[in-house]
């Protein structure tokens, strides 16, 4: 069955208000955009939702999925999926935040949905990411929740310090997401992306590969683009036109 929709969200731990503490209001607009993007995804007609994010290796995780925000000072466990099996714990950050975002939605919005989670190696070449996306399949209409930040070099106080290439890089990503331009996303250079600490590059290219393999026309909507802490946060939706 075809890919019918996708949502792109960033994964800063501070997205969780309790982890942000007094600074929580600074990301209110980002939370609103993420919630809207995920709600649109769940309303797309997809029966299965695959969450994908970058990690040290490419893998399909076993359900149910569990992780904790304890490394970020918040002793909360997040769970996605039912069952008594051991499943997957210690979710990487992108999948952890993705599960948290999905759990923020009304229970009715998740009714009948099947959940899947996969990682893509952060250093995977663009072609490998595209092939991974092209070979993602489901026996029901499905959607992608794509987790990843833009560059982390947007100023002297950013995690990667200031890099004059970062803003142009993020603008390219923003236009590509707004235009649902799979080829532009596949054109992102892995080496430059790594230098700019853009954690979303590989997951975005998996999305591009999946959309290209599905075919047809796609429309995009860029809901949010900011860099409040020197890290670019982009939120978008893709749907088949």
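In the numbering used here, the protein residues as written are 11 to 251. Even for Gly, the Cβ is constructed at its ideal location relative to N, Cα and C. Since the model is a prediction, treat every value here as computed from it, not as a measurement.
Inter-residue Cα distance where the pair is residue i and residue j
i           : j           : result
residue 168 : residue 240 : 4 angstroms
residue 80  : residue 119 : 28 angstroms
residue 144 : residue 18  : 18 angstroms
residue 152 : residue 111 : 18 angstroms
residue 133 : residue 180 : 18 angstroms
residue 253 : residue 209 : Residue 253 lies beyond the residue range present for the chain, which begins at 11 and ends at 251; the question has no answer from this structure.
residue 85  : residue 198 : 36 angstroms
residue 83  : residue 24  : 11 angstroms
residue 257 : residue 30  : Examination of residue 257 is not possible in this model, given that the chain is present from 11 through 251 alone.
Boundaries (first-last residue) of the alpha helix (DSSP H) holding residue i
i           : result
residue 41  : 38 to 52
residue 222 : 211 to 224
residue 137 : 136 to 144
Counterpart residues of residue i in DSSP-defined beta bridges
i           : result
residue 58  : 124 and 152
residue 231 : 247
residue 161 : None; residue 161 has no bridge partner.
residue 76  : 89
residue 129 : 63 and 69
Nonlocal neighbours in the same chain, by C-beta distance under 8 angstroms from residue i, ignoring five residues either side
i           : result
residue 251 : 226, 227, 228 and 229
residue 91  : 73, 74, 75, 97 and 125
Same chain, Cβ closer than 6 angstroms to residue i, neighbours up to 5 away in sequence not counted
i           : result
residue 124 : 58
residue 4   : Coverage of the chain is limited to positions 11 through 251, which leaves residue 4 absent and any answer about it impossible.
residue 55  : 14 and 151
residue 69  : 129
residue 108 : 61, 155 and 157
Cutoff 7 angstroms; reference residue i; Cβ partners in own chain excluding five residues on either side
i           : result
residue 203 : 211
residue 102 : 63, 65 and 129
residue 166 : 172
Buried or exposed (CB count within 10 angstroms, at least 16 for buried), residue i
i           : result
residue 157 : buried
residue 247 : buried
residue 159 : buried
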